[in-house]
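I have placed the structure first, in the form of structure tokens, so that the comments after it can refer back to it.
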Amino acid sequence: MIRMTDVFKEYANGTKALKGVTFELNTGEFAFLVGPSGSGKSTIIRLLIGEIAPSDGEVIVNGQDMDNIKMRKMPYLRRTVGVIFQDFRLIENKSVYENVAFSMRVIGASGKDIRQRVPYVLELVGLEYKAKAKPDELSGGEQQRVAVARALVNNPRLIIADEPTGNLDPARSLEILLLLKKINDLGTTVLIVTHEKPLVDQFSQRVIAIDGGRIISDGMDGYYNYEG
Amino acid sequence: MKVNRNRTFYYIKEGVISIFNHSLMSFASICIIIAFLIIMGSFILLVVNINAIIGELESDNVILAFIHENVSDSDARALENTIRTIPNVAGARFITRQEAYEQFIGRYDEEDRFEDIDYTVFRHRYAIYVDDVALIGDTQQALRHVPEFARINTNMAVASAFVTVRTVVGWISAVIIAVLLVISLFIMSNTIKLATFERREEIAIMKMVGATNSFIRWPFIFEGFLLGVTGSMIAYFSLWGLYGLAAGSVMEFEAGFFQLVLFSNVSVPLFILFAGIGFGVGVGGSGFALNRYLKV
Ligand SMILES: Nc1ncnc2c1ncn2[C@@H]1O[C@H](COP(=O)(O)OP(=O)(O)OP(=O)(O)O)[C@@H](O)[C@H]1O
Ligand SMILES: [Mg+2]
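Each protein sequence line maps, in turn, to chains V and X. If you read the first sequence in the working numbering, its first letter stands for residue 775, the second for the next number, and so on. If you read the second sequence in the working numbering, its first letter stands for residue 12, the second for the next number, and so on.
Right under this line is the structure:
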């Protein structure tokens, strides 16, 4: 679960990316976070995984106050969150298989578990036949699906996706979103950042809209006054 | 913590890959360790040999104390107790003028040449052995205060020269070794810094998926370990070979004067020392380098 209370973020160069953001995402919920470019969506995600600290306000993730967390405990919190980054952040000199297996290695999974789980997850995103390829041998959409596989592989309690469909064709996009919804149905909390209004419209789900660093609407009706 | 074979294999594999990602720098750090250890090892072997020479000189480095003709035989024999109270005296042997005469004659083949020498021209004497040649001057001085002695004779010049050499070599090598140690640690730490720099994006990703600092550190520590131990082993066996060559030419050149200490006499402690330093420089150097990219 996620709770942000009156969060402000000012970057070192003076850019005020967030100006008092408050929202809550309960365990098991599914929500879209939408808003124009530069509105602060990625900033919210970076706050949620402790990559940056808020200038003011409170950020709580899976019950942990991100402001008080001990450096020593941060890795263990991050393991409860699967993140799909907007820029994928794949390791260039490792194969697709290794990029995914890597997340499991980090948490100390056994070789046997890795050999079972990684092919399964690659199949879920439709990339089992690219397991040996390096990221720079893949299309943008394929890289994105590797990032999705990596976020799923450890069965995190919360999945945060920053534009998980940005480089995919509409059919693929829908497929990825349906996959994330299926995972949500199994109990995982899911937050998806996206531009794609037509895609969001296909789901009857909660939509949080942000503009200029402020939440401008938040509701189940799928309404938001942002034209993507 | 439970040892995870899968993980250990991962650390080793990553460490080895990293070495080849910046092979020039890895090569440089191995070379500096080799140079450092060969120079240090040479000094150690030099000091070991000087010590052996000093030890040898000590054992036949006697002070000869000649006794006045007017001291009676029994008084002369009784002097031994006095001598033994003098500091640094390890032992004293009384040599009668008869024995001295025979020794003297015995040194020459042509016995008849000295046939007509009367043994009474020789003095009774003591052969006095010392514990530490470095203090032989003081011992000699103390013996001069014994009135029964007419003359004190030592060829201490050679031994004390070696003691001086040992002191000088000891200091020079201590300074050189300290400087080389600092340089080696510096180069090793820079190699690992480069390794972490090459992988900074990867490290950032690892952190984002929940890697602990120790998980991230191990491959780099292993890399340092591998470089350090490889360097030290190459240095060890090179030094062994070089010493063999050096020993060969010394034997030819200075046959009979002294024997070089055999490498096998010092091989075990030297091996432990080399391996220890290789390990220390490798792991220590990488330790210095590692705290930079981990604070996210
Ligand atoms: N590291 C940074 N330093 C300074 N300013 C930044 C930094 N990262 C983002 N910003 C600024 O903060 C604001 C919000 O950026 P953010 O990346 O959160 O937007 P976004 O909603 O994710 O946009 P997009 O949809 O294009 O990804 C922007 O004005 C951006 O220029
Ligand atoms: Mg963004």
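Think of the CB as a built atom: it goes at the ideal place given N, C-alpha and C, for glycine as much as any other residue.
Restricting attention to V:Ala921, V:Leu951, V:Asn800 and V:Leu896, the CA atom closest to the CA of V:Phe977 is found in V:Leu951.
Relative to ligand 2, V:Glu937 has its C-beta within less than 8 Å of a heavy atom. Distances from the CB of X:Lys24 to the heavy atoms of ligand 2 are all 8 Å or more. Going by DSSP, V:Tyr785 is part of no alpha helix (DSSP H) at all; its letter is neither H nor E.
In the three-state scheme derived from DSSP, where H, G and I count as helix and E and B as strand, X:Thr207 is classed as helix.
Chain V places no beta carbon closer than 9 Å to that of X:Val272, leaving this residue out of the contacts. Those residues that bring their Cβ nearer than 6 Å to a heavy atom of ligand 1 are V:Tyr785, V:Asn787, V:Thr789, V:Ala791, V:Gly809, V:Ser811, V:Gly812, V:Ser813, V:Gly814, V:Lys815, V:Ser816, V:Thr817 and V:Gln860. Listed as beta-bridge partners of X:Asn164 by DSSP are X:Leu75.
The residues Ile43, Ile44, Phe47 and Val292, in chain order, have a CB closer than 7 Å to that of X:Ser195 in the same chain once the five nearest residues on each side in sequence are set aside. Within chain V, no C-beta atom comes less than 7 Å from the C-beta of X:Gly26; the nearest is roughly 15 Å away. Beta-bridge partners of V:Asp839 (DSSP): V:Ile834. By the 16-neighbour rule on beta-carbons within 10 angstroms, X:Phe20 is exposed.
Checking the DSSP bridge columns, you'll see V:Met778 partnered with V:Phe797 and V:Val833. Interface annotation, X:Phe285: not in contact with chain V, CB-CB separation never under 9 Å. Within chain V, the C-beta atoms nearer than 7 Å to that of X:Glu213 come from Ile865, in chain order. Going by DSSP, V:Ala805 is part of no alpha helix (DSSP H) but of the beta strand (DSSP E) stretching over Phe804 to Val808. Assignment of V:Val899 by DSSP, reduced to helix, strand and coil, places it in the coil class.
With contacts defined as CB atoms closer than 9 Å, V:Glu803 and V:Arg777 fail to qualify as a contacting pair. In terms of Cα proximity to V:Glu911, the closest of V:Ile934, V:Val870 and V:Val899 is V:Val870. The shortest CA-to-CA distance from V:Ile823 to any of X:Glu234, X:Leu237 and X:Met219 is the one to X:Met219. Not a single CB atom of chain V sits nearer than 9 Å to the CB of X:Ala206. Taking a cut-off of 8 Å for Cβ pairs, the stretch 854-869 of chain V and the stretch 975-995 of chain V do not touch, as fewer than three such pairs fall below it.
The stretch 899-911 of chain V makes contact with the stretch 867-881 of chain V: 3 or more CB pairs, one atom from each, lie closer than 8 Å. The shortest C-alpha to C-alpha distance from X:Ile50 to any of X:Asn276, X:Ile188, X:Asn60 and X:Asp86 is the one to X:Ile188. A distance below 7 Å between beta-carbons, with the five flanking residues on each side excluded, links V:Phe782 to the following residues of its chain, in chain order: Leu792, Lys793, Gly794, Pro828, Ser829, Asp830 and Gly831. Look at X:Val220: its beta carbon is at least 8 Å from all of the heavy atoms in ligand 2. Between X:Ser40 and X:Gly296, the gap from beta carbon to beta carbon is short of 9 Å. Annotation: the continuous beta strand (DSSP E) that includes V:Ser991 extends over Arg988 to Gly993. The three-state reading of DSSP puts V:Arg980 in strand, counting E and B together. Within chain V, the residues placing a beta-carbon under 8 Å from that of X:Met219 are Ile823, Glu825, Arg852, Val857, Phe859 and Arg863, ordered along the chain.
Fewer than three Cβ pairs drawn from the stretch 171-184 of chain X and the stretch 106-113 of chain X lie within less than 8 Å of each other, which leaves the two stretches out of contact. No heavy atom of ligand 2 is found nearer than 8 Å to the CB of V:Val974.
For the pair V:Pro938 and V:Leu954, the CB atoms are nearer than the 9 Å cut-off. Against chain V, the beta carbon of X:Ile216 has neighbours under 7 Å at Arg863 and Ile865, listed in chain order.
Restricting attention to V:Gln860, V:Ser877 and V:Met840, the CA atom closest to the CA of V:Val927 is found in V:Ser877.
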